[in-house]
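Residue numbers (UniProt numbering), protein chains in the order written: chain X, 1 to 431; chain S, 1 to 431. We treat Cβ as the ideally placed atom computed from N, Cα and C, and that holds for glycine. Keep in mind it's a predicted model, so treat the numbers as computed, not measured. Inspection log for the structure reproduced underneath, given as structure tokens.
2 protein chains.
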Amino acid sequence: MTVTITSAEVHDVRFPTAAAGDGSDAINRGDYSASYVELRTDDPSGAFGAGFTFTNGRGNELTCGAIRALAHHVVGRTVEEIVESPVAFWRSLTADVQLRWLGPEKGVIHMATGALVNAVWDLRAKLAGKPMWRLLAEMPTEELVASVDFHHISDAISPAEAAAILDKGLVGLKERLAELEQEGFPSYTTSVGWLGYPDEKVRALTRAAYADGWRAMKMKVGGPVEDDVRRARIIRDEIGPDALLMMDANQVWDVDEAIANMALLAEVEPYWIEEPTHADDVLGHARIARAVAPIRVATGEVAANRVIFKQLLQAEAIGVCQIDACRIGGVNEVLSVILMAAKFGVPICPHAGGVGLCEYVQHLAIFDYLRVGTSLDGRMVEYVDHLHEHFVDPVRTRGGRYLLPEQPGYSATMKPASIAEFSFPDGPAWR
Amino acid sequence: MTVTITSAEVHDVRFPTAAAGDGSDAINRGDYSASYVELRTDDPSGAFGAGFTFTNGRGNELTCGAIRALAHHVVGRTVEEIVESPVAFWRSLTADVQLRWLGPEKGVIHMATGALVNAVWDLRAKLAGKPMWRLLAEMPTEELVASVDFHHISDAISPAEAAAILDKGLVGLKERLAELEQEGFPSYTTSVGWLGYPDEKVRALTRAAYADGWRAMKMKVGGPVEDDVRRARIIRDEIGPDALLMMDANQVWDVDEAIANMALLAEVEPYWIEEPTHADDVLGHARIARAVAPIRVATGEVAANRVIFKQLLQAEAIGVCQIDACRIGGVNEVLSVILMAAKFGVPICPHAGGVGLCEYVQHLAIFDYLRVGTSLDGRMVEYVDHLHEHFVDPVRTRGGRYLLPEQPGYSATMKPASIAEFSFPDGPAWR
Numbered sequence: 001m002t003v004t005i006t007s008a009e010v011h012d013v014r015f016p017t018a019a020a021g022d023g024s025d026a027i028n029r030g031d032y033s034a035s036y037v038e039l040r041t042d043d044p045s046g047a048f049g050a051g052f053t054f055t056n057g058r059g060n061e062l063t064c065g066a067i068r069a070l071a072h073h074v075v076g077r078t079v080e081e082i083v084e085s086p087v088a089f090w091r092s093l094t095a096d097v098q099l100r101w102l103g104p105e106k107g108v109i110h111m112a113t114g115a116l117v118n119a120v121w122d123l124r125a126k127l128a129g130k131p132m133w134r135l136l137a138e139m140p141t142e143e144l145v146a147s148v149d150f151h152h153i154s155d156a157i158s159p160a161e162a163a164a165i166l167d168k169g170l171v172g173l174k175e176r177l178a179e180l181e182q183e184g185f186p187s188y189t190t191s192v193g194w195l196g197y198p199d200e201k202v203r204a205l206t207r208a209a210y211a212d213g214w215r216a217m218k219m220k221v222g223g224p225v226e227d228d229v230r231r232a233r234i235i236r237d238e239i240g241p242d243a244l245l246m247m248d249a250n251q252v253w254d255v256d257e258a259i260a261n262m263a264l265l266a267e268v269e270p271y272w273i274e275e276p277t278h279a280d281d282v283l284g285h286a287r288i289a290r291a292v293a294p295i296r297v298a299t300g301e302v303a304a305n306r307v308i309f310k311q312l313l314q315a316e317a318i319g320v321c322q323i324d325a326c327r328i329g330g331v332n333e334v335l336s337v338i339l340m341a342a343k344f345g346v347p348i349c350p351h352a353g354g355v356g357l358c359e360y361v362q363h364l365a366i367f368d369y370l371r372v373g374t375s376l377d378g379r380m381v382e383y384v385d386h387l388h389e390h391f392v393d394p395v396r397t398r399g400g401r402y403l404l405p406e407q408p409g410y411s412a413t414m415k416p417a418s419i420a421e422f423s424f425p426d427g428p429a430w431r
Numbered sequence: 001m002t003v004t005i006t007s008a009e010v011h012d013v014r015f016p017t018a019a020a021g022d023g024s025d026a027i028n029r030g031d032y033s034a035s036y037v038e039l040r041t042d043d044p045s046g047a048f049g050a051g052f053t054f055t056n057g058r059g060n061e062l063t064c065g066a067i068r069a070l071a072h073h074v075v076g077r078t079v080e081e082i083v084e085s086p087v088a089f090w091r092s093l094t095a096d097v098q099l100r101w102l103g104p105e106k107g108v109i110h111m112a113t114g115a116l117v118n119a120v121w122d123l124r125a126k127l128a129g130k131p132m133w134r135l136l137a138e139m140p141t142e143e144l145v146a147s148v149d150f151h152h153i154s155d156a157i158s159p160a161e162a163a164a165i166l167d168k169g170l171v172g173l174k175e176r177l178a179e180l181e182q183e184g185f186p187s188y189t190t191s192v193g194w195l196g197y198p199d200e201k202v203r204a205l206t207r208a209a210y211a212d213g214w215r216a217m218k219m220k221v222g223g224p225v226e227d228d229v230r231r232a233r234i235i236r237d238e239i240g241p242d243a244l245l246m247m248d249a250n251q252v253w254d255v256d257e258a259i260a261n262m263a264l265l266a267e268v269e270p271y272w273i274e275e276p277t278h279a280d281d282v283l284g285h286a287r288i289a290r291a292v293a294p295i296r297v298a299t300g301e302v303a304a305n306r307v308i309f310k311q312l313l314q315a316e317a318i319g320v321c322q323i324d325a326c327r328i329g330g331v332n333e334v335l336s337v338i339l340m341a342a343k344f345g346v347p348i349c350p351h352a353g354g355v356g357l358c359e360y361v362q363h364l365a366i367f368d369y370l371r372v373g374t375s376l377d378g379r380m381v382e383y384v385d386h387l388h389e390h391f392v393d394p395v396r397t398r399g400g401r402y403l404l405p406e407q408p409g410y411s412a413t414m415k416p417a418s419i420a421e422f423s424f425p426d427g428p429a430w431r
């Protein structure tokens, strides 16, 4: 019995977060938004696939438009033919002979690819009756390998190497799953140190987060460095010497500036410095990584595609690989990055926050641990306590850890009432 | 007397080129299109600025939409305040706290930035009564340096280094200009070897181009390598041993594949191999460059921004720097790339073709020679004989060389009749 994708409904959904100062950093100040798509089908159960890409407000109409421009590669297909030829399907989106020029494989057009590809995977998981992490973790090795486009990364990983990693990941999988079901997945919180917050708010939030069980916290840096040092001391003072303090510069520094500023910030013993410079600067990240060690360099939330991740790994530019679920081309491309990171021995710590990113990436991190990385050492998922209430299957946390999602799918489905309320520009929230 | 930009009129202009097989290569098959903008002003002369970014057809509505999304940073400004604070103006487009997320500085949003920034420069040149190349070549060093955003490239070039290059470029400028006025600017043709053409058409076109005076020709590669070798032999056979034969793979190869295929193609002594692999793969280009020397590696037409160019130069990955006029953020960012290339000793050979790209880049190449590079050794502008008739001030060539543009502006203004005829989807050509 085949299931045909019959239509793609696109929604421009925006939450007015900019006014509150939430999510402010050295370079972004946004209204967290989703270019959200539901793929309708002819399945008698009414099953549909939900996917989205995250944006920062203005311009969300462009990613919505790009989803519409690409949708003809999805609508009319059967789920079976996509499952049969996953790379051919993926390339129909990424190598469209006209649209490819608009990237290639980057920015608006690639983010839209991510939304559509993720919606297909959400549909697959719902039809299989499994949460996405379980669908992936239980998938035969050959099917996972067949989902990866090795084009332009074959100099870093071969299909045979990927298969070996995935086969090895079957060993002990049940024990790791039992552990996660008991303990949840480690995470850290970014909610304590946005640049928009005054010192006393940072102190109070840090104290509250520590009391709630968080032992890893991230602050934004990239303002005047003396302010960054002062705020870092407040957090370190509150969390003691053993908890982890991460820093995120959101690309604001030049290469030499990053090295100089991290020399000053080293006194609070940061665990990592995230996005120390321009996201495209592989060589710059590599220079910074050599200079700031043992502080790790982390990046990935705006890494454009698998080719950038490949180079970050080849150049030993990152010690932490921050995949994003919908900046790059959806589950298929994320799989390629997870596999390369495993080969290069770099742990995955997904980027989350925004709207819906926590819902997405928990599945990827759980799959990575169960089937690829096989160790929790250095693995955590970002957590931001924003906007979960708009999702049908929101993340659940306990004591600083994510609990395993249980509902079928990729946790990407938004509540119809939220879509209606926050649709831009005509929803009640924006009128 | 101030001139205020009063509105931005955006046009989605598409030419139905895909059906003819023109412009077909290993990865693109497009309807050459322009996301075209005219900035109207309150100047009594009626002066307006014209700019565009080039796309390949489908999706041109996205770059048009991005121009509209960015236009509020331009409309309402005076030309004088932009001239006064060029980097502040440029960053208002590239560092918009919400739109930046859609790049950053890449793809749809950055191409739209290029269209708007170029329209402002076209307006400046028209108001000054000079062709763009002359406006730039005669501009004081400090004003040129002040037009460059050194953010994220300061590890490769400093303002002082840029100023020294530009000052040195004043020496002998008059003599170089007299030479260009006499001889024109060297170019090469890409019209002989598109993948869509049969062998005998390649032979006939090559013979005709040689007879017309062309001594440098580019062919597309990236099909079955034995076909590429056969076609390359035809061209070499026609042009003799002394003319230059360039090859363009349009990113289709993996890194090791590029190295292997170039070993086979080396027999015809190619001058350069262009886009041998994925445009984002700086490390891959560097490996290929080491392996195929003395054949040069060339790239740039889809290099996303100055940070990618910086790394290509730092890694010694390219021997030819192929700036594009409207893929990156317009004249300001192109200036930064031209200056970095000069510092690293790599000649500029701009990417052209498509629609209007020849019109744009001739100005950049002439400026580069007059004021920055100061040698014609290894410098040529791509030439494709398509769609020039739609421009008010089209390129003119003689014996394989571009003649100097004489009209004020950036040669970007399209004929109103062409805009009307080819507007998508409602123009007569598309109805």
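Report the option in the options whose CA atom is closest to the CA atom of residue i.
{"i": "A303 (chain X)", "options": "X:M111, X:P44 and X:D12", "result": "X:M111"}
{"i": "P383 (chain S)", "options": "S:A429, S:D122, S:P416 and S:Q322", "result": "The residue asked about is misnamed: residue 383 (chain S) is Tyr in this sequence, not Pro. Looking at the Cα atoms, S:Q322 is the closest of the given residues."}
{"i": "H388 (chain X)", "options": "X:F15, X:E161 and X:E9", "result": "X:F15"}
{"i": "D227 (chain S)", "options": "S:L283, S:R91, S:G193 and S:E138", "result": "S:G193"}
{"i": "Y402 (chain X)", "options": "X:E275, X:G114 and X:L364", "result": "X:L364"}
{"i": "I153 (chain X)", "options": "X:N305, X:A258, X:D393 and X:G400", "result": "X:N305"}
{"i": "H278 (chain S)", "options": "S:D393, S:L264 and S:E301", "result": "S:E301"}
{"i": "P428 (chain X)", "options": "X:V13, X:S7 and X:L127", "result": "X:V13"}
{"i": "A69 (chain S)", "options": "S:L116, S:T299, S:G223 and S:E275", "result": "S:L116"}
{"i": "V395 (chain X)", "options": "X:D426, X:R431, X:L127 and X:A352", "result": "X:A352"}
{"i": "A119 (chain S)", "options": "S:A18, S:E38, S:R287 and S:W430", "result": "S:E38"}
{"i": "E80 (chain S)", "options": "S:S35, S:A341, S:T2 and S:L93", "result": "S:T2"}
{"i": "A164 (chain X)", "options": "X:L195, X:K343 and X:T41", "result": "X:K343"}
{"i": "D199 (chain S)", "options": "S:W214, S:A211, S:G213 and S:R233", "result": "S:R233"}
{"i": "L339 (chain S)", "options": "S:V268, S:A95 and S:L313", "result": "S:L313"}
{"i": "A249 (chain X)", "options": "X:M262, X:P241 and X:I239", "result": "X:M262"}
{"i": "P350 (chain S)", "options": "S:P405, S:H386 and S:E274", "result": "S:E274"}
Do residue i and residue j have their C-beta atoms within less than 8 Å of each other?
{"i": "I295 (chain X)", "j": "A266 (chain X)", "result": "yes"}
{"i": "L99 (chain X)", "j": "G65 (chain S)", "result": "no"}
{"i": "R371 (chain S)", "j": "G184 (chain S)", "result": "no"}
{"i": "residue 433 (chain X)", "j": "D122 (chain X)", "result": "The shown model of chain X, from 1 to 431, leaves out residue 433 (chain X), and the question about it has no answer."}
{"i": "N332 (chain S)", "j": "W133 (chain S)", "result": "no"}
{"i": "R29 (chain S)", "j": "V97 (chain X)", "result": "yes"}
{"i": "A125 (chain X)", "j": "Y410 (chain X)", "result": "yes"}
{"i": "H390 (chain S)", "j": "S418 (chain S)", "result": "yes"}
{"i": "M246 (chain S)", "j": "P270 (chain S)", "result": "yes"}
{"i": "V10 (chain X)", "j": "I67 (chain X)", "result": "yes"}
{"i": "V255 (chain S)", "j": "G284 (chain S)", "result": "yes"}
Looking at the strands, I want to know which residues DSSP matches up with residue i.
{"i": "E9 (chain X)", "result": "X:E38"}
{"i": "D248 (chain S)", "result": "S:K220 and S:E274"}
{"i": "S158 (chain S)", "result": "According to DSSP, S158 (chain S) bridges with nothing at all."}
{"i": "residue 473 (chain S)", "result": "Because chain S is modelled from 1 through 431, residue 473 (chain S) falls outside the range shown and cannot be assessed."}
{"i": "Y402 (chain S)", "result": "S:F185 and S:T397"}
{"i": "R230 (chain X)", "result": "Bridge partners of R230 (chain X): none, in fact."}
{"i": "P131 (chain S)", "result": "S:G409"}
{"i": "M414 (chain S)", "result": "S:F391"}
{"i": "V297 (chain X)", "result": "X:I273"}
{"i": "R14 (chain S)", "result": "S:S33"}
{"i": "S423 (chain X)", "result": "X:V13"}
{"i": "A4 (chain S)", "result": "The displayed chain sequence assigns Thr, not Ala, to residue 4 (chain S). Paired residue(s): S:T78."}
Entirely within the stretch 48-119 of chain S and at least 4 residues each: give me those alpha helix (DSSP H) ranges in chain order.
-> Residue ranges of uninterrupted alpha helix (DSSP H) with 4 or more members, entirely inside the stretch 48-119 of chain S and ordered along the chain, are 60-70, 79-84 and 86-94.
Mind listing, in chain order, the continuous beta strand (DSSP E) runs of no fewer than 3 residues lying wholly within the stretch 315-391 of chain S?
-> Counting only runs of 3 or more residues that sit fully inside the stretch 315-391 of chain S, the beta strand (DSSP E) segments are 381-383, in chain order.
With a cut-off of 8 Å, do at least 3 Cβ pairs link the stretch 132-147 of chain S to the stretch 345-359 of chain S?
-> no
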